[in-house]
Every structure is written in structure tokens, then in C-alpha cells.
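Just so we're on the same page, this note's numbering is the position in the sequence shown counted from 1, plus 1165.
Just below is one structure, and these are the notes that go with it.
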Amino acid sequence: MGRGIENIPDFTGGGGQGSTRHLRLRDDQESARIRFLTEGDEILFETFHRLPGQGNSKFGGFKICVADALDQPCDLCERMTGDNYGRQTLMMAWVYEYYHDYPEKPSGDRAPKTEAVRVGRNTLYREEIGEARILKIAAAHKGAFNLRWGKYGTLLDRDYDFVRMGVRGTTRPQYVLEPEDASPMPPELAKLASELPDLEDYAFDRLEDAPKVEERKPTVKASRPAPRPRSAEDEGSTTDDDTDRPF
């Protein structure tokens, strides 16, 4: 398997296993405050097959292509045909997600619990996370990561805002890593990073006996204090109503 952000080939054009949760940005201006727990030269990349979903779902996740990864016969290469279920090179890293910001209030039975906060001129809806997650993304988006890796020589020395630009459903979203000022890696996160499963074990579904990542939730604050929640006493503020927008 390939490792190292600088070794990912250029492209013209994710495998989620076990109980591990992923960091996903699904809509325009959705963002997450993160700290990398995987260094740039340890970012993993490999070819995965896109699997069909069951029932009404068109997407059933990703499965690693053993032909590319291990030079072994891959039955999925023969069975998975067509544009919707083709092969895609994904890159993966462990990150600690402090919180997740939505540009519109999530709604529905499975909507996360959020709190309205003011960020500059915008009102965002913040979900507190506080756990390690897999950041898995098409390797075609490596540019944002390579830019910071090249500029700072490391990905571990500061927090980032990871931001999506592109509406839900678009096939060509863009991603931005906005850096905060450099700050020491919190000891709790350094310890957490040392205990996480290897990315290769994750990619090959070898995590059955590994401790659940969700059980490792150190309380760590972002390097820059988060904006405070809005209240009805704020000048010019309005009280949130019960009308949720589509998520």
C-alpha cells in the first residue's frame, strides 16, 4: 500500500470498517475543526472498489482492491463494472475532530444535536465531537493537504478548519485546509495517536479485536477558543424557531 502525501500520483478524475467513524463533509460550507494525528508521510492511499448499496441505497461503501494493494486476484475487479461501481484511489488519515459546523440547522430523526454559534458574520450550527475519526477522501483532493505539508514540513503542529466547497450531490466538490497558528500537540492527543490502530489494518478490515475508537474521547479544546453560542440578548440577534431546514 502507498504511504506519504508526496507519493500520491496525480489524477484526472474510502473503506469504512468496523465501528470506526469517519469525518464526512456532505454540503457546501460544512466544516470541521481538526488536529491531524497522522503525519504527512504516513497518510495511506490505495485503490478501492465502490460497492452498490442495498434497498433504496445506491452506495454501499468501499472495499480495497487486493489486485492493486497485494498483487492478488481480485474478484471485485470482474464483478464491479460500470461508472457507478468502479475503482477509486482514496487517501486516509487519523484526525481528532473537536467539533463540526453546519451552515444550516440539521433536521430529521437522526439529526445531530447542535448549538447556534456566531462565526464572523455567519450563524453556524455546531456539533461537539471530541473523538478520533478517519478522514477518508478521494486522492484527487491531495492538493490541499500537500500544500500545508510542504509549507510547514508537518501536519501535526497546528489545528485546521477542514472546509467543503460544493453543494450536496455535486461530483466535483473542493476542500480547503485553513490553518490556525502553530501550537504544541496536546499530550492527550499525542497519547491517543500512539494508541490508534494502523491505517493499513483499518483498510483491510483487521480491527475486529481492536478497542473501539469511540471509547477514546479525551477532553481537548481547540487551539483558538470557539465562538460563544448566540443568545436572545445579543444585539440584533433573533431567537431560533423550530423550523429546521433540510439536511
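Beta carbons: idealized from backbone N, C-alpha and C, even for Gly.
What you are looking at is a predicted structure, and each value in this text was computed from that prediction instead of being measured.
Item to check | Every unbroken beta strand (DSSP E) within the stretch 1293-1341, with a cutoff of 3 residues, ordered by chain | outcome: 1324-1330
Item to check | Pick from L1190, T1212, L1235 that is closest to R1298, judged by C-alpha positions | outcome: L1190
Item to check | Distance, R1329 Cα to T1335 Cα | outcome: 11 angstroms
Item to check | Selection from V1260, W1259, D1240 that minimises the alpha carbon distance to R1252 | outcome: D1240
Checklist entry - Which class does K1356 belong to by DSSP, given the choice of helix, strand or coil? => result helix
Checklist entry - Taking buried to mean at least 16 other C-beta atoms within 10 Å of its own C-beta, is F1224 buried or exposed? => result exposed
Item to check | L1255 - containing beta strand (DSSP E), residue span | outcome: 1252-1267
Next on the checklist: So for G1167, helix, strand or coil by DSSP?
Outcome noted: strand
Item to check | Residue environment, E1171, which counts as buried when at least 16 other CB atoms sit within 10 Å | outcome: exposed
Item to check | Sub-9 angstroms separation of I1173 and K1356 beta-carbons | outcome: no
Checklist entry - Looking only at C-alpha atoms, which of G1167, Q1339, R1313 sits nearest to E1345? => result R1313
Next on the checklist: Here's a check: name, in chain order, each residue in its chain whose Cβ is nearer than 6 angstroms to the Cβ of E1293, leaving out the five neighbours to either side.
Outcome noted: Y1264
Checklist entry - Between which two residues does the beta strand (DSSP E) harbouring V1282 extend? => result 1280-1284
Item to check | Of the listed residues E1269, V1260, G1273, nearest to E1280 (C-alpha basis) | outcome: E1269
Item to check | Top-ranked residue by Cα proximity to V1260, from G1167, L1364, G1218 | outcome: L1364
Item to check | N-terminal and C-terminal residue of the alpha helix (DSSP H) that R1244 is part of | outcome: 1240-1244
Checklist entry - S1348 and D1324 look like a contact to me (Cβ under 8 angstroms); what is the Cβ gap, rounded to whole Å? => result 7 angstroms
Checklist entry - Which residue from F1213, E1243, P1217, G1218 puts its Cα closest to that of I1229? => result F1213
Checklist entry - Cα separation between L1342 and F1201? => result 11 angstroms
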